[in-house]
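Sequential numbering of the sequence shown, starting at 2, is according to this note's numbering.
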Amino acid sequence: MLGSTLWLTLATLTGLAAGFAREWLLVAAWGAGSQSDAFLVSMFLPEALRMSLAAGLLSAAALPLYQQRPADRQQRWLGGMAPRLLLTGVALSAVLAIGAGFLVRLIGPGLDADGYAQAASGLRWLAWCAPGFMLHALFCIPLQARSRFVLAGLGSLLFNLPPVIYLATFSHAATSTGLASACVLGSVLMPGVLLPALYRSGWRPWQWQSEAGAVRELLQRIGPLLSSNLASQGLALLERMVASLLGEGAVTWVNLARKLINLPLIALMSLNQVLLGLMSGSAGEQRLSLLRRGLGSATLLTLPAVAGLIGAAGALVTLLLPNQSHEGPLPELLAWFAVPLMFGAWNALLARYAYAAGDTRLPLNCELIGSLCNALLLATLPDHDGETGQQHYQQQNAQVFPELGRLDEMRWGEWHPARVQLLQLFGRNRAQRFADNGGQLRHVTA
């Protein structure tokens, strides 16, 4: 188990690093200007689809359906789903390509006329990533059922590898069309690499055998997951829209900072999975003790990363992008993005504490409350604080409010006072309400 976890973590980290390398090379080739902003706007919807599927939008619903069938029916189920999902991906690609002009105006309302034209052209190419994404998500299900997580976890690396090679090769001569074509190639590689393993397991792509009721059964399972995912992606869409209104280059800087800041979080994946397993097998005081130990470990892991990113943001930008001034917006963006790292780590552990007790509603409700506060404050941002204000509001609301809500069932009186003081720095009103209620925080309201 530990070996599989290590290799899966390494594969995920490599994929995240490749995604950051793509954004880094993009800025190095085109700079933080209208061309980069336009491409990132065109990339939003395909990337949102890929990330949603990678997060388990399809597998969380389909994996139990696949596993509950005997071996012969598993092959029949897979053979029936493959052409349907392929056609779904093609139809989605056609919709995105036809509506590209309208969609890019919705996602990036702050672009100029040339930016709209470039973004629409890019989206018409990038739309054809959808079939590959859909097939990859489907083909991962048999591999995950056989505990072959590493091969299934290479999707991000395979997708980002062609655009990284293209940008590294052509640099300033790279074009939006060429980069979009490289992304489409990456989407083809994602399911293509899985085909040999599926073939060896007995699946034949030319055997299309449908199973009555299988599609309806899958849709019933995927509906609640889709609604939750749409809420999350809606917040990301709002962030991209607001960034486009903050001026030329804002979309590029915010996107690059977010990519870079995601890298330290990968170190917490194994800790989260191990603690979820331990807490699921325990109860009461033992589970609470495990949570405290996990929060302490997460704090020890993230505090040095936060301090390092804040203190060395300027030097890091100079190292990665020597042509960019350390007095530009990126160092300050990195510093603000680093602030909620620790709270993000706590959120993940606290959510797993609830999951271990069989409670999936509390984490979702807290996430929706934080997202609502985030969205309301983002809407006021273009007229006020600029790029760094965007992250300031995000770290203060999307992280802290869910944090306080998920600590609902914990006994705060046993916590060290310094931890309460830390929360008071970022949530004074709710921390005061907690104190006024005698240490019992029962509900969080927007």
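Here a beta-carbon is modelled for each residue, glycine too, at the ideal position from N, C-alpha and C.
Segment contact flag, the segment 14-29 with the segment 104-115, C-beta cutoff 8 Å, min 3 pairs: no
Straight-line Cα distance separating Ala61 from Leu127: 26 Å
Inter-residue spacing [alpha-carbon to alpha-carbon] between Thr13 and Ala55: 11 Å
Exposure label - Val96; buried when at least 16 CB within 10 Å: exposed
Rounded C-alpha distance that separates Pro47 from Ala183: 13 Å
Supposed contact pair Ser53 and Gln234 - C-beta distance, whole angstroms, cut 8 Å: 7 Å
Sequence-distant residues of its chain with Cβ nearer than 7 Å to Glu249 (five each side left out): Gly34, Ser35, Asp38
Coil, strand or helix - Glu212 by DSSP: coil
Coil, strand or helix - Pro110 by DSSP: coil
Contact set for Leu11: own chain, Cβ-Cβ below 7 Å, skip 5 residues either direction: none
Where the alpha helix (DSSP H) containing Thr176 begins and where it ends: Where Thr176 is concerned, there is no enclosing alpha helix (DSSP H), given that its DSSP letter is neither H nor E.
Own chain, CB closer than 6 Å to Arg23, minus 5 neighbours either side, in chain order: Asn161, Pro164, Val165
Boundaries of the alpha helix (DSSP H) in which Pro65 is found, first to last residue: 60-68
Boundaries of the alpha helix (DSSP H) in which Cys130 is found, first to last residue: It is not in any alpha helix (DSSP H) - Cys130 carries neither H nor E in the DSSP assignment.
Where the alpha helix (DSSP H) containing Trp254 begins and where it ends: 251-263
Where the alpha helix (DSSP H) containing Val340 begins and where it ends: First-last for Val340: undefined, no H or E at that position.
Spatially closest choice to Leu351 from Val340, Leu342, Leu363, by CA coordinates: Leu363
C-beta contact flag for Gly81 and Glu212 at 8 Å: yes
Presumed contact (8 Å Cβ cut-off) between Asn366 and Leu236, rounded CB distance: Asn366 to Leu236, Cβ: 15 Å. No contact.
Under 8 Å between C-beta atoms of Gly193 and Gln76: no
Cβ neighbours of Arg125 in the same chain (closer than 6 Å, five flanking residues each side left out): Ala98, Ala101
Rounded straight-line distance, which links the Cα of Ala120 to that of Leu320: 30 Å
Under 8 Å between C-beta atoms of Pro143 and Trp254: no
DSSP three-state assignment for Pro206, whether helix, strand or coil: coil
CA-to-CA distance, Ala114 to Val340, given in whole angstroms: 36 Å
Element boundaries [alpha helix (DSSP H), containing Val194]: Unbroken run through Val194: none, as it is neither H nor E.
Straight-line gap, Pro403 to Tyr200 (C-alpha atoms, nearest Å): Low confidence applies to Pro403: its pLDDT is 42, below 50, so where it sits in the model is not reliable, and the reading given next is rough at best. Rounded to the nearest angstrom, the two C-alpha atoms are 44 Å apart.
Continuous alpha helix (DSSP H) stretch holding Arg77: start and end: 72-99
Separation of Thr89 from Ala215, as counted between CA atoms: 15 Å
Best match in Ala313, Cys130, Leu196, Phe150 for proximity to Ser188 [C-alpha to C-alpha]: Cys130
Which of helix, strand or coil DSSP assigns to Asp115: helix
Own chain, CB closer than 7 Å to Ala49, minus 5 neighbours either side, in chain order: Gln234, Ala237
DSSP three-state assignment for Gly312, whether helix, strand or coil: helix
Cβ pair Leu86, Leu155 closer than 8 Å: no
Three-way DSSP call (helix, strand, coil) for Val421 in this model: Interpretation of Val421 is limited by its pLDDT of 36, a score under 50 that renders its predicted location unreliable; no figure is taken from the coordinates.
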